[in-house]
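Undergrad: Residue numbers (the working numbering), protein chains in the order written: chain A, 248 to 578; chain B, 16 to 334. Ideal Cβ positions, reconstructed from N, Cα and C, are used throughout, including at glycine. Structure below; questions to follow.
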Amino acid sequence: MTSDIALSVKDLKTYFYTNNRCNKAINGVSFDIRRGKTLCIVGESGCGKSVTASTIMQLLPTLSRIEAGSITYHAERGDIRIDQLARNGAEIRKIRGAEIAMIFQDPMTALNPVYTIGFQIEESLKYHTDLSLKEIKKKAIDLLRDMGIPMPEKRVDEYPHQFSGGMRQRAMIAMAMSCNPKILIADEPTTALDVTIQAQIFKLMDKLKAEHDTAIMLITHDMGVVAELADEVAVMYMGNIVEAGSVDDVLRSPKHPYTRALLDSIPVLGQGKKQAIKAIKGATPDPYERPNGCSFAPRCDFATKECDVMPDEEYISKSHRIMCANYKAVS
Amino acid sequence: MLTFIIRRLLIVVPMLFVISFLVYLGLELTPGDAVSHMIDPEVASRISAEQLSEMREALGLNKSFLERYYIWIVNVLQGDFGHSLAGGVPISDIVFDRLPATLELSFIAIVFSTIFGCLLGVFSALKKGSLTDNSLSVVGMLGISIPEFFFGLVALLIFALNLQWLPIGGRLLPGYETIWDRLPHMVLPGFVLALMMTAGVMRYSRSAMLDSLSRDFIKTARAKGLPEWRINFIHGFRVALTPVIVLIGFRLPTLIGGSVIIEQVFQWPGIGNEFIAAVRGQDYPLVMMIALFSVFAVLMASLIIDVLTALVDPRVRLD
Ligand SMILES: Nc1ncnc2c1ncn2[C@@H]1O[C@H](COP(=O)(O)OP(=O)(O)OP(=O)(O)O)[C@@H](O)[C@H]1O
Ligand SMILES: [Mg+2]
Chain A
248 MTSDIALSVK DLKTYFYTNN RCNKAINGVS FDIRRGKTLC IVGESGCGKS VTASTIMQLL
308 PTLSRIEAGS ITYHAERGDI RIDQLARNGA EIRKIRGAEI AMIFQDPMTA LNPVYTIGFQ
368 IEESLKYHTD LSLKEIKKKA IDLLRDMGIP MPEKRVDEYP HQFSGGMRQR AMIAMAMSCN
428 PKILIADEPT TALDVTIQAQ IFKLMDKLKA EHDTAIMLIT HDMGVVAELA DEVAVMYMGN
488 IVEAGSVDDV LRSPKHPYTR ALLDSIPVLG QGKKQAIKAI KGATPDPYER PNGCSFAPRC
548 DFATKECDVM PDEEYISKSH RIMCANYKAV S
Chain B
16 MLTFIIRRLL IVVPMLFVIS FLVYLGLELT PGDAVSHMID PEVASRISAE QLSEMREALG
76 LNKSFLERYY IWIVNVLQGD FGHSLAGGVP ISDIVFDRLP ATLELSFIAI VFSTIFGCLL
136 GVFSALKKGS LTDNSLSVVG MLGISIPEFF FGLVALLIFA LNLQWLPIGG RLLPGYETIW
196 DRLPHMVLPG FVLALMMTAG VMRYSRSAML DSLSRDFIKT ARAKGLPEWR INFIHGFRVA
256 LTPVIVLIGF RLPTLIGGSV IIEQVFQWPG IGNEFIAAVR GQDYPLVMMI ALFSVFAVLM
316 ASLIIDVLTA LVDPRVRLD
C-alpha cells in the first residue's frame with residue numbers, strides 16, 4: 248500500500264430500527280480518511296455524524312445495523328473490511344483502541360468515575376501492548392505529561408472527578424493516543440469545554456497529527472474549527488454527504504445550497520450586531536419520514552422538480568464533489 | 016476516614032439518650048402497666064387495691080415517671096439492665112440468649128441474598144429482554160409482593176408437614192446439640208427470609224446494572240477494545256455496586272432487630288419475638304433494652320453503609 252488512505256468508506260448505509268420504524272440515519276455515505284490529514288465532518292444536529300463514527304468503530308447499538316456499503320481499513324498487514332467483522336469479536340477489539348481510537352463529546356461522562364485516570368489509560372496499554380506493568384505505568388505518566396497535564400506523577404493516581412473538564416478531555420486524548428493509533432476519530436471533542444481550552448485541545452490534536460502521521464476524523468458543527476484545522480471537509484445533511492472537498496473547495500466556493508446556508512448562518516466576529524445572520528429556514532425533516540428525493544429540497548430556495556429524485560454525486564473538480572441537481576443554478 | 020468514624024460513634028451516645036427517653040415516655044403514655052398485664056382479669060377482680068399497690072411498689076412502679084427513668088438510666092450506665100418484670104430474669108440474659116438466634120438467620124439471609132441477588136440481577140441485565148430475564152422479573156415481582164408470612168406458611172406446609180423433610184419450627188439451644196442437629200431448623204426460616212430479600216436485591220441490582228451499562232464510559236471502554244467480560248464486570252458492575260450496597264445496608268437494622276413475622280411463623284426464639292411479647296406485657300425494662308439495641312443497630316448500619324460507599328465510590332468523601 249503506497250496510498251496515503253488510512254480508511255475508506257463506500258456507500259455506507261446504517262439504519263436504526265426502533266418501534267418497528269426504520270430510521271435511515273446514514274443513507275449512502277462515502278469518504279476517505281488520509282494519513283496525516285484531518286477530515287472534518289460538519290452538519291446540523293441529528294444528521295448522522297456520530298452514527299458515522301460509531302459505525303466505523305462497530306460501536307452501534309443493537310437496534311441498528313450496517314445495511315449496505317463497506318468500510319475498509321488499510322492496515323499495514325493488509326486491507327480489513329471492518330463492516331464484515333463480528334460486532335464485539337476479537338478482530339475488531341484488536342483494532343479498537345490500538346489502531347483506531349475515539350474521543351467522545353462529553354469528557355464528564357466518558358470516563359469511569361470509580362477508577363483512577365492512570366488505571367483507565369493503563370487498561371488500553373495492557374490489552375494492546377506487551378509492555379511490563381512498570382513500563383505501562385511510566386508510559387501513562389509520560390502520556391499525561393505530553394498532553395500538558397502538570398504533575399502527571401501525582402495526577403495519574405487521581406480520579407476523574409478531581410480533574411477539570413479540559414483536563415479530563417486531555418486524559419481522554421492521552422488514552423486514545425496511548426497505543427499510537429493510525430486513525431483518531433474525535434466526536435465533537437470540545438463541545439463541552441470553554442473556548443480557550445478548546446484551542447489548546449485542537450493544538451494538541453494538530454501536533455499529534457504532525458508527529459505521528461495520524462489520520463484524524465473530526466466531527467464538529469463549528470465552522471471556525473473547520474477553517475482552522477481541516478484539510479478536507481465533508482458536509483452532511485440527513486444521512487448524506489451533500490458536499491465534500493478540500494477546505495478551500497468547500498469554504499471558499501461552496502456549491503451546495505445547504506453548505507451556503509450553513510456558512511451564512513455563522514456570525515462573523517467583529518462585524519457587530521447589525522450583520523445579517525441568516526438562519527436556515529424550516530427545520531430538519533422527521534428522520535422516519537425522509538423525502539424521497541434530496542432531503543434538503545423542502546428547505547431549499549433553489550428546489551425544482553428535479554429535486555424529487557435523489558441526486559447523484561457529481562465531481563465538479565478532482566477533489567470537490569456535490570449532491571445537488573441544481574448546483575449550477577446556485578452560483 | 017478514621018476521624019469520621021469516631022465522630023459518628025460519638026454522636027451515637029447522645030442519640031441513644033434521647034431515644035431512650037422518648038421510648039420511656041411512649042411506654043408511660045400507654046394505658047395500663049406491667050402489673051395489670053401480669054394478673055388475669057378474673058383474678059384481678061378478687062385482688063384488693065392494697066395488694067395491687069403493694070405489687071406496684073415491689074416493682075418500683077409507684078414512683079413518678081422521671082424518678083423511674085432516672086433510676087433506670089443510672090442502672091444502665093452502671094451496666095445493670097435490670098430484670099424482666101414478667102419473669103424476673105436478668106435482661107442481659109434474655110438479650111444474649113435471643114440475639115444469636117436472630118443473628119444466625121440474618122447472616123444466612125444477607126449472605127445468600129447478596130450473592131444470589133447480585134448474580135441473578137446482573138445476569139438478567141446482561142440478557143435484557145430475553146426469556147430468562149422476563150421470567151426472573153416475574154419471579155422477582157412475586158417475591159416482593161407475596162407477604163412473608165404466606166410464603167413462610169406455604170413452605171412449612173410443603174416441606175415440614177407434607178414432605179416432613181424439615182422440622183416445623185423452633186431452634187435447638189446452642190451447646191445442646193451439634194451444628195448438624197441444628198441446621199435443619201435453620202433451613203426453612205433462613206431460606207424464606209433469604210428468598211424475600213433476594214428478590215429485592217435482584218430487582219435492584221438489575222436496574223443498577225442496566226443504568227450503569229447505558230452510561231458513556233461503557234462506550235469508552237468498548238472503544239478501547241476491551242473484552243466484553245471486562246466491560247460488563249470491571250466497568251459496569253463495579254459502578255452498579257454502590258446503590259446495591261446501600262440497599263443491602265438499609266436491610267441490616269430490620270434484620271438485626273429481628274424479622275418479627277418470620278420469627279413468629281417459625282416459632283424462632285429470636286429478638287423480634289421477644290420484643291412483641293415485651294411490648295404486649297408492658298415489660299418496660301425489656302422493651303427499653305430491645306428498643307435501644309435496635310436503634311443502635313440502625314445507627315451502626317448507617318455508619319457501615321457510609322464507610323462502604325466511601326470505599327467503593329471515590330467521589331464520596333467522608334468529612
Ligand atoms: N441510539 C440510537 N437509537 C435510535 N436512533 C438513534 C440512536 N443514535 C442516533 N440515532 C438517530 O440517528 C440519527 C443521527 O444521529 P447522530 O447522533 O448521528 O446525529 P449527530 O449528527 O451526531 O448530531 P449531534 O450534532 O447532535 O451530535 C438521528 O436521527 C438519531 O435520532
Ligand atoms: Mg453527535
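(1) Please list the partners that Arg-221 (chain B) has in chain A, where partner means a Cβ-to-Cβ separation under 9 Å.
(2) Where does Lys-271 (chain A) fall in DSSP's three states?
(3) Quick check on the DSSP output: the beta strand (DSSP E) that includes Tyr-262 (chain A) runs from which residue to which?
(4) Applying the criterion that 16 or more other CB atoms from any shown protein chain within 10 Å of the CB defines a buried residue, is Met-248 (chain A) buried or exposed?
(5) For chain A, is any of its Cβ atoms less than 7 Å away from the one on Pro-258 (chain B)?
(6) So for His-459 (chain A), helix, strand or coil by DSSP?
(7) Report yes if the C-beta of Ser-297 (chain A) is less than 6 Å from at least one heavy atom of ligand 2; otherwise report no.
(8) DSSP three-state call for Asn-335 (chain A): helix, strand or coil?
(9) Nearest CA to the CA of Gly-264 (chain B): which residue from B:Gln-297, B:Gly-215, B:Gln-66 and B:Gly-285?
(10) Less than 6 Å separating the Cβ of Cys-133 (chain B) from some heavy atom of ligand 1?
(11) Over the uninterrupted alpha helix (DSSP H) stretch that includes Ala-292 (chain B), give me the two end residues.
(12) Considering only C-alpha positions, which residue in the set B:Asp-226, B:Leu-100, B:Leu-114 and B:Phe-232 is nearest to Arg-415 (chain A)?
(13) Just checking my contact of Ala-462 (chain A) with Arg-328 (chain A) at CB under 8 Å: how many whole Å lie between their CB atoms?
(14) Below 7 Å between beta carbons: does that hold for Ser-512 (chain A) and Ile-527 (chain A)?
(15) How far does the beta strand (DSSP E) with Ser-411 (chain A) in it reach, from first residue to last?
(16) Do the segment 116-134 of chain B and the segment 279-297 of chain B meet, that is, are 3 or more Cβ pairs less than 8 Å apart?
(17) Which class does Leu-301 (chain B) belong to by DSSP, given the choice of helix, strand or coil?
(18) Is Ser-542 (chain A) close to ligand 1? I mean its beta-carbon at under 6 Å from any heavy atom of the ligand.
(19) Rounded C-beta distance between Ala-423 (chain A) and Gln-352 (chain A)? I'm assuming under 8 Å.
(20) Within 7 Å of any Cβ in chain A, is that where the Cβ of Thr-235 (chain B) sits?
(21) When you check each C-beta in the segment 123-144 of chain B against every C-beta of chain A, which residues fall closer than 9 Å?
(22) Considering only the beta carbon of each residue, do Gly-251 (chain B) and Ser-227 (chain B) sit closer than 7 Å?
(23) Does at least one heavy atom of ligand 1 sit under 6 Å from the Cβ of Cys-554 (chain A)?
(24) By a C-beta neighbour count over all protein chains shown, 10 Å radius and 16 as the cutoff for buried, is Ile-21 (chain B) buried or exposed?
(25) Give a yes or no on contact between the segment 88-107 of chain B and the segment 242-261 of chain B, applying the rule of three or more CB pairs nearer than 8 Å.
(26) Are Leu-253 (chain B) and His-408 (chain A) closer than 7 Å when you measure CB to CB?
TA: This is what the structure holds:
(1) Here residue 221 (chain B) corresponds to residue number 206 of the second sequence, with the count starting at 1. Those within 9 Å of Arg-221 (chain B) in chain A number zero; the least Cβ separation is about 18 Å.
(2) Counted from its first residue, the first sequence places residue 271 (chain A) at position 24. DSSP places Lys-271 (chain A) in strand when its eight states are reduced to three.
(3) One-based indexing of the first sequence puts residue 262 (chain A) at position 15. Run containing Tyr-262 (chain A): 252-265, per the beta strand (DSSP E) assignment.
(4) Taking the first residue of the first sequence as 1, we reach residue 248 (chain A) at position 1. For Met-248 (chain A), the pLDDT reaches just 48, beneath the cut-off of 50, and the residue's location in the model is therefore unreliable, although a value from the coordinates is still provided. It counts as exposed.
(5) For this step, residue 258 (chain B) is matched to residue 243 along the second sequence. Cβ-Cβ to chain A under 7 Å: no for Pro-258 (chain B).
(6) Along the first sequence, one-based indexing puts residue 459 (chain A) at 212. His-459 (chain A): helix per DSSP, three-state reduction.
(7) Here the question's residue 297 (chain A) lines up with position 50 in the first sequence. Correct: Ser-297 (chain A) has its Cβ closer than 6 Å to ligand 2.
(8) Walking along the first sequence from the start, residue 335 (chain A) turns up at place 88. The answer is coil: DSSP assigns Asn-335 (chain A) none of H, G, I, E or B.
(9) If you number the second sequence from 1, residue 264 (chain B) lands on position 249. Checking every option, the nearest Cα to that of Gly-264 (chain B) belongs to B:Gly-215.
(10) As a position in the second sequence, residue 133 (chain B) is number 118, starting the count at 1. Not so, every heavy atom of ligand 1 lies at least 6 Å from the Cβ.
(11) Taking the second sequence and counting its residues from 1, the one referred to as residue 292 (chain B) is at position 277. 286-295 is the extent of the alpha helix (DSSP H) around Ala-292 (chain B).
(12) Counted from its first residue, the first sequence places residue 415 (chain A) at position 168. Residue B:Phe-232 is the option with its Cα nearest to Arg-415 (chain A).
(13) Here the question's residue 462 (chain A) lines up with position 215 in the first sequence. Here the question's residue 328 (chain A) lines up with position 81 in the first sequence. With 8 Å as the limit, Ala-462 (chain A) and Arg-328 (chain A) do not qualify as a contact, their Cβ atoms being about 18 Å apart.
(14) As a working note, residue 512 (chain A) is residue 265 in the first sequence. As a working note, residue 527 (chain A) is residue 280 in the first sequence. Contact flag set, yes.
(15) Locating residue 411 (chain A) in the first sequence gives position 164, where the first residue counts as 1. Careful: Ser-411 (chain A) lies outside any beta strand (DSSP E) and carries neither H nor E.
(16) yes
(17) Locating residue 301 (chain B) in the second sequence gives position 286, counting from the first residue. It is helical.
(18) Mapped onto the first sequence, residue 542 (chain A) falls at position 295. Every heavy atom of ligand 1 is 6 Å or more from the Cβ of Ser-542 (chain A), so no.
(19) Numbered from its first residue, the first sequence carries residue 423 (chain A) at position 176. Numbered from its first residue, the first sequence carries residue 352 (chain A) at position 105. About 13 Å; that fails the 8 Å criterion.
(20) Looking up residue 235 (chain B) in the second sequence gives position 220. So yes, Thr-235 (chain B) belongs to the interface.
(21) none
(22) Locating residue 251 (chain B) in the second sequence gives position 236, where the first residue counts as 1. Locating residue 227 (chain B) in the second sequence gives position 212, where the first residue counts as 1. In this structure, Ser-227 (chain B) lies closer than 7 Å to Gly-251 (chain B) by Cβ.
(23) Counted from its first residue, the first sequence places residue 554 (chain A) at position 307. Checking the Cβ of Cys-554 (chain A) against ligand 1 gives no.
(24) One-based indexing of the second sequence puts residue 21 (chain B) at position 6. Classification for Ile-21 (chain B): exposed.
(25) no
(26) To locate residue 253 (chain B), count along the second sequence from 1; it is residue 238. To locate residue 408 (chain A), count along the first sequence from 1; it is residue 161. In the sequence under discussion, the amino acid at residue 253 (chain B) is Arg, which differs from the Leu named in the question. No, they are not a contact pair.
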